[in-house]
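Visitor: Here the sequence shown stands for residues 243 to 706, where the numbers follow the working numbering. Dropping a structure here in structure tokens format, bear with me for questions.
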Amino acid sequence: MAAQSVWMHIGAGSFHRAHQAWYLHKLIEQGDDSWTIALGNVRDDARDLLERLAAQNGEYMLETVSPQGDRRYEKITSVRKVLKWDSEISELVKQGASEETRVIAFTVTEGGYYLTPEHELDSEQADIRADLKGEICTLYGALTRILKQRMAEGGAPVTLLNCDNLRHNGERFRHGFLSFLKAKEETALYAWVSRQTTSPNTMVDRITPRPTADVAERVKAATGMADRAPVMGESFIQWVIEDDFIAGRPALEKAGVELVDSVLPWEEAKIRILNATHSCIAWAGTLAGLSYIDESTREPAIRQMAWDYVSQDVIPSLTPGTLDLAQYRDVVLARFSNPYIKDTNQRVAADGLSKIPGMVTPTLIACYARGHEPRASAVLPALFFLFLRRWAQGQLPYEYQDGVMQPALMAALFASPDPLKAFTANEALFGELAHQPSFHALMKRTVARLEEWVEETTGQPLTA
Ligand SMILES: NC(=O)c1ccc[n+]([C@@H]2O[C@H](COP(=O)([O-])OP(=O)(O)OC[C@H]3O[C@@H](n4cnc5c(N)ncnc54)[C@H](O)[C@@H]3O)[C@@H](O)[C@H]2O)c1
Ligand SMILES: OC[C@@H](O)C(O)[C@H](O)CO
Numbered sequence: 243m244a245a246q247s248v249w250m251h252i253g254a255g256s257f258h259r260a261h262q263a264w265y266l267h268k269l270i271e272q273g274d275d276s277w278t279i280a281l282g283n284v285r286d287d288a289r290d291l292l293e294r295l296a297a298q299n300g301e302y303m304l305e306t307v308s309p310q311g312d313r314r315y316e317k318i319t320s321v322r323k324v325l326k327w328d329s330e331i332s333e334l335v336k337q338g339a340s341e342e343t344r345v346i347a348f349t350v351t352e353g354g355y356y357l358t359p360e361h362e363l364d365s366e367q368a369d370i371r372a373d374l375k376g377e378i379c380t381l382y383g384a385l386t387r388i389l390k391q392r393m394a395e396g397g398a399p400v401t402l403l404n405c406d407n408l409r410h411n412g413e414r415f416r417h418g419f420l421s422f423l424k425a426k427e428e429t430a431l432y433a434w435v436s437r438q439t440t441s442p443n444t445m446v447d448r449i450t451p452r453p454t455a456d457v458a459e460r461v462k463a464a465t466g467m468a469d470r471a472p473v474m475g476e477s478f479i480q481w482v483i484e485d486d487f488i489a490g491r492p493a494l495e496k497a498g499v500e501l502v503d504s505v506l507p508w509e510e511a512k513i514r515i516l517n518a519t520h521s522c523i524a525w526a527g528t529l530a531g532l533s534y535i536d537e538s539t540r541e542p543a544i545r546q547m548a549w550d551y552v553s554q555d556v557i558p559s560l561t562p563g564t565l566d567l568a569q570y571r572d573v574v575l576a577r578f579s580n581p582y583i584k585d586t587n588q589r590v591a592a593d594g595l596s597k598i599p600g601m602v603t604p605t606l607i608a609c610y611a612r613g614h615e616p617r618a619s620a621v622l623p624a625l626f627f628l629f630l631r632r633w634a635q636g637q638l639p640y641e642y643q644d645g646v647m648q649p650a651l652m653a654a655l656f657a658s659p660d661p662l663k664a665f666t667a668n669e670a671l672f673g674e675l676a677h678q679p680s681f682h683a684l685m686k687r688t689v690a691r692l693e694e695w696v697e698e699t700t701g702q703p704l705t706a
């Protein structure tokens with residue numbers, strides 16, 4: 243029998259339970275239970291869920307639904323330990339220090355890495371400042387605590403695996419973490435992490451909305467299980483990982499994971515075509531008074547914005563490879579239109595301040611670099627500007643969540659005499675384009691055009 247290995251996951255959100263936990267469950271179903279999951283959270287916002295999961299011994303039902311409406315129910319059995327939260331993250335530290343833990347994976351959202359557009363650690367962020375002083379608000383503070391203990395207990399190597407939607411997610415996380423350790427003057431830990439850990443890049447994909455009460459009702463009706471922690475997602479699933487695990491890994495290929503030398507083509511397609519387009523639809527849908535991604539995608543004008551952005555600006559900016567990008571676009575738009583996935587514009591609109599620089603600005607820059615005015619891509623930041631303006635006016639229909647949002651700074655931006663100019667001149671969002679007059683002119687024209695569209699669509703005048 244193979245030695246028991248633990249995959250510790252930090253970030254007890256819905257996505258981990260619909261994606262990574264499903265793959266490990268598939269291996270267990272095949273008779274290989276040599277790898278199981280220990281699940282915990284950096285922050286106190288998953289306490290209820292962790293308690294409910296613990297009461298079910300980590301088991302829960304996953305409901306998946308296809309674009310045709312076929313629903314499937316699977317009991318996920320890979321989470322074998324639920325790590326209780328406390329302010330010292332003691333259970334995460336104990337589990338993460340143990341040699342049996344060979345992979346520490348995480349999903350802490352796009353905003354959870356605190357990187358500038360130049361991909362440097364943003365030490366100005368309040369959470370980072372707090373963690374540099376020894377608190378635990380971020381993944382970096384948590385890993386520092388966990389890995390220090392691991393080093394003290396023998397220092398067995400471990401893979402640090404980023405499963406968030408971030409371009410070059412392994413590399414960017416690693417650079418952020420090592421910069422954090424340097425700033426914190428953790429010299430010995432810095433040297434140990436450099437030698438004894440790896441951070442493969444990954445591309446993860448499965449649309450996983452926040453579960454609503456009706457998921458539990460359908461689970462009960464279909465399976466009889468009174469599940470207090472069900473999760474639901476689309477039937478589509480994909481995981482591409484660079485095969486660089488320093489302390490071994492599950493036989494993920496047997497569950498359908500693609501293990502590759504470089505995830506670059508997949509992540510470029512995913513981030514620029516799927517994620518950026520998703521946000522475009524969420525911001526536009528919200529401005530048009532719609533609540534869900536599927537209904538927003540089926541709105542012809544919004545679908546056209548998304549289609550034009552991918553077709554006119556993204557595809558010509560990417561190096562042709564083995565992926566059929568036009569087909570990828572069409573599949574993605576079909577997935578977003580799935581009427582059985584009630585994914586909210588609220589969820590997908592989140593974290594725009596990280597998504598614009600990470601997912602959209604590279605396409606804007608690439609277009610200018612090849613002498614093409616990015617008219618279709620400018621629609622995305624222009625929509626986000628109008629969306630943020632609604633936020634500043636207190637007129638969004640829901641709470642906007644953004645990991646890097648500093649409300650006072652944003653409010654000041656919209657109180658300035660020319661908010662659009664201040665927004666477009668923001669280097670953190672637009673890098674070198676922040677100083678380019680032609681980009682400012684393009685944004686002005688695009689915002690004016692979209693204001694007209696919003697007014698026509700909603701029949702309501704917009705207040706500037
Ligand atoms: N939901 C999806 O469709 C999906 C698909 C692919 C990838 N992802 C990735 O997974 C992430 C999480 O998605 P989810 O659906 O699980 O979201 P969720 O809202 O259910 O969970 C978010 C998790 O991140 C943690 N978190 C948030 N900000 C943090 C911070 N600054 N520091 C530490 N922890 C923090 C929360 O405590 C929680 O555990 C996404 O942001 C994305 O990068 C999600
Ligand atoms: O664009 C929002 C993401 O959470 C998205 O649902 C996911 O990346 C799909 O895999």
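Beta carbons: idealized from backbone N, C-alpha and C, even for Gly. In this text, all values refer to a predicted model and were calculated from it rather than measured experimentally.
Out of GLY311, ALA263, ARG259, GLY396, which has the shortest C-alpha to C-alpha gap to ASN580?
Guide: GLY311
Visitor: Exposed or buried, ARG491, counting other C-beta atoms within 10 Å across all chains shown (16 or more means buried)?
Guide: Result: buried.
Visitor: Please tell me whether ALA384 and VAL502 are closer than 7 Å, where the distance is taken between their beta carbons.
Guide: no
Visitor: Taking Cβ positions, are GLY242 and VAL321 nearer each other than 7 Å?
Guide: Here the chain comprises residues numbered 243 to 706, so residue 242 is not present and cannot be evaluated.
Visitor: Which of helix, strand or coil does DSSP assign to ASN407?
Guide: coil
Visitor: Out of curiosity, what's the CA-to-CA distance linking ILE557 and GLY418?
Guide: 29 Å
Visitor: Does the separation of the CB atoms of PHE578 and THR528 fall below 7 Å?
Guide: no
Visitor: With distances taken Cα to Cα, identify the nearest neighbour of LEU494 among SER276, HIS251, PRO562.
Guide: SER276
Visitor: Heavy atom of ligand 1 less than 6 Å from the Cβ of VAL590, yes or no?
Guide: no
Visitor: Note down, in chain order, each residue of its chain lying with its Cβ closer than 6 Å to the Cβ of ILE513, except the 5 sequence neighbours on either side.
Guide: ARG409, MET601
Visitor: Hey, is ASP536 close to ligand 2, as in C-beta under 6 Å from one of its heavy atoms?
Guide: Here the distance from the Cβ of ASP536 to the nearest heavy atom of ligand 2 is not below 6 Å.
Visitor: Between VAL602 and chain C, is the shortest Cβ-Cβ distance under 7 Å, so that the two count as touching?
Guide: Any reference to chain C falls outside this structure, which holds one protein chain only.
Visitor: Does the Cβ of ASN517 lie closer than 6 Å to at least one heavy atom of ligand 2?
Guide: yes
Visitor: Near GLY253, what residues of its chain come up, given a Cβ to Cβ distance below 6 Å and the 5 sequence neighbours on each side ignored?
Guide: PHE348, THR349, VAL350.
Visitor: Measure the alpha-carbon distance for TYR302 versus CYS522 and round it to whole angstroms.
Guide: Across the structure, TYR302 and CYS522 are spaced so that their CA atoms are roughly 33 Å apart.
Visitor: DSSP state of ILE370, grouped into three classes?
Guide: helix
Visitor: For ILE479 and VAL400, which I take to be in contact (beta-carbon distance under 8 Å), what is that distance rounded to the nearest angstrom?
Guide: Not confirmed; about 26 Å, so no contact.
Visitor: With DSSP collapsed to three states, give me the class of TYR432.
Guide: helix
Visitor: Please list, in chain order, all residues of the same chain as ALA530 whose beta carbon is under 6 Å from its beta carbon, the five residues on each side excluded.
Guide: THR699
Visitor: Mark ALA339 as exposed unless 16 or more other C-beta atoms lie within 10 angstroms of its C-beta, in which case mark it buried.
Guide: buried
Visitor: Can you list, in chain order, the residues of its chain with a C-beta nearer than 6 Å to that of LEU516? Leave out the 5 residues immediately preceding and following it.
Guide: VAL574
Visitor: Could you name each continuous beta strand (DSSP E) segment of 3 residues or more that falls completely within the stretch 451-532, going from the start of the chain to the end?
Guide: 473-476, 480-484, 500-502
Visitor: What does the alpha-carbon distance come out to for the pair TRP549 and GLU693?
Guide: Near 20 Å, if we compare the C-alpha coordinates of GLU693 and TRP549.
Visitor: How big is the Cα-Cα spacing for LYS323 and ALA280?
Guide: So the alpha carbons of these two residues sit roughly 4 Å apart.
Visitor: DSSP has GLY282 in a bridge; who is on the other side?
Guide: ILE252
Visitor: Tell me which residues share the same chain as THR564 and place their Cβ nearer than 8 Å to its Cβ, disregarding the 5 neighbours each side in the sequence.
Guide: PRO507
Visitor: Is the stretch 414-434 touching the stretch 444-460, taking contact as three or more C-beta pairs under 8 Å?
Guide: no
Visitor: Locate the alpha helix (DSSP H) running through LEU684, then write down its first and last residues.
Guide: 679-700
Visitor: Can you list, in chain order, the residues of its chain with a C-beta nearer than 6 Å to that of SER594? Leave out the 5 residues immediately preceding and following it.
Guide: In the sequence on display, residue 594 carries Gly and not Ser. Once the five neighbours on either side are set aside, the close Cβ partners of GLY594 are PHE626.
Visitor: From the DSSP output, in three-state form, read off MET243 for me.
Guide: Low confidence applies to MET243: its pLDDT is 43, below 50, so where it sits in the model is not reliable, and the reading given next is rough at best. DSSP places MET243 in coil when its eight states are reduced to three.
Visitor: For the beta strand (DSSP E) that contains ILE346, what are its first and last residues?
Guide: 343-348
Visitor: Apart from the five residues on each side of it in sequence, which residues of its chain come closer than 8 Å, Cβ to Cβ, to LEU266?
Guide: TRP249, TRP277, THR278, ILE279, SER320, PRO492, ALA497
Visitor: In or out: ARG188 buried (at least 16 other Cβ within 10 Å) or exposed?
Guide: Coverage of the chain is limited to positions 243 through 706, which leaves residue 188 absent and any answer about it impossible.
Visitor: What does DSSP give as the partner residues of ASP447 in its beta bridges?
Guide: GLN480
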